[in-house]
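Residue numbers (the working numbering): 1367 to 1649. All residues carry an ideal CB built from backbone N, CA and C; glycine is no exception. On a predicted model such as this, the values are computed, not experimentally measured, just so you know. Working notes, beginning with the structure itself.
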Ligand SMILES: [Zn+2]
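Laid out in structure tokens, this is it:
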């Protein structure tokens, strides 16, 4: 983010103040939105590699390099070839969490099979959010979402009193996501200072995204991370921005071109990604 100072006519300044007041928003948001429209430069674009349906069908080959991913966003999540670890992109750095629980910065520019990134520029925030479980975290984030029909990114910072995360283990190519679930490692932490990198996708996007909330966690000391299953915090800062522009980079691998992706992936995705929900199991 950059700070720009400029002089504008009194009439524009008055109109700006009126809009900030009427929309209950910030000067930054109004000016950035206006500039984005005038310059035809979308400010919040979600850049996604591949689709959740492809992941469910076991297409874990690399499609896009990390360096290209980072050109499109500084904040996001994903996985690696053969589901070998969980990806967290935070402050422009790509991290890999492996099934032995270690976190490493990704500097060798590998291809990745699935990832979603954006340039995170928070529009609204809550400074004293409290939640005792994943459902409470979802409710706290829901309170900041302005629509059920736009994508949203969430950054949650806290000293969590508890967190539970999973990390996928590498699987053979072609293993369906649901079957890959058996090889995951799960970690419980005690009190941990960490950031959650979160994305929320509308229900209608379930054919190519993980609908609802999807969080990856990264501890401040870079010693713990993974796909978030549960957490609790007494005082959390939650920041959110809405995203109305989506760019999906489809793989051009032979496996993707030949795959049958007509099956609805939602049931298997829910099983694989939402272990924190009652009566579900899986990755
Ligand atoms: Zn995940």
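Which residue marks the beginning of the beta strand (DSSP E) containing residue i, and which one marks its end?
i            : result
residue 1439 : First-last for residue 1439: undefined, no H or E at that position.
residue 1621 : Unbroken run through residue 1621 is the alpha helix (DSSP H), 1620 to 1624; no beta strand (DSSP E).
residue 1634 : First-last for residue 1634: 1632 to 1639, but that is the alpha helix (DSSP H), not the beta strand (DSSP E).
residue 1512 : Counting along the chain, residue 1512 falls outside any beta strand (DSSP E), and DSSP gives it neither H nor E.
residue 1370 : Note, residue 1370: premise wrong, no beta strand (DSSP E); not H, not E.
residue 1564 : 1558 to 1567
Spatial neighbours of residue i within its chain, please: CB distance less than 7 Å, with the 5 preceding and 5 following residues excluded, ordered by chain position.
i            : result
residue 1589 : 1469
residue 1511 : 1518, 1566 and 1606
residue 1571 : 1577
residue 1452 : 1445, 1463, 1533, 1534, 1582, 1591, 1592 and 1593
residue 1598 : 1497, 1498, 1499, 1526, 1527 and 1528
residue 1449 : 1426, 1534, 1536, 1537 and 1546
residue 1475 : 1431, 1432 and 1433
The alpha helix (DSSP H) that contains residue i, what's its start and end?
i            : result
residue 1652 : Limits of the chain in this structure are 1367 at one end and 1649 at the other, which puts residue 1652 out of reach.
residue 1508 : 1500 to 1508
residue 1421 : 1418 to 1422
Which residues does DSSP pair with residue i in a beta bridge?
i            : result
residue 1399 : Note: residue 1399 sits in no beta bridge, so no partner.
residue 1430 : 1478
residue 1593 : 1532 and 1582
residue 1462 : 1453 and 1470
residue 1414 : 1482 and 1614
residue 1446 : Its beta-bridge partners do not exist; DSSP assigns none.
residue 1491 : 1605
residue 1496 : Answer is none; residue 1496 lacks a bridge partner.
residue 1599 : 1497
residue 1554 : 1530
Quick one: what's got a C-beta closer than 6 Å to residue i's C-beta in the same chain, skipping five residues either side?
i            : result
residue 1615 : 1415 and 1430
residue 1601 : 1494
residue 1612 : 1412
residue 1489 : 1395 and 1607
residue 1435 : 1481 and 1483
residue 1460 : 1432 and 1472
residue 1496 : 1600
residue 1438 : 1413 and 1483
residue 1559 : 1525 and 1586
residue 1639 : 1576
residue 1580 : 1565
residue 1522 : 1562, 1602 and 1604
Kindly list the residues whose CB is nearer than 8 Å to the CB of residue i, restricted to its own chain and excluding five residues on each side of it in sequence; keep chain order.
i            : result
residue 1491 : 1510, 1603, 1604, 1605 and 1606
residue 1574 : 1414, 1417, 1418, 1419 and 1614
residue 1645 : A caution first: residue 1645 carries a pLDDT of 32, below 50, which makes its placement in the model too unreliable to give a value.
residue 1554 : 1528, 1529 and 1530
residue 1455 : 1435, 1436, 1439, 1440, 1441, 1442, 1443, 1444, 1461, 1481, 1483 and 1563
residue 1629 : 1419, 1422 and 1423
residue 1625 : 1420, 1423 and 1425
With a floor of 4 residues, list each alpha helix (DSSP H) that falls wholly inside the segment 1517 to 1552, ordered by position along the chain.
1543 to 1546
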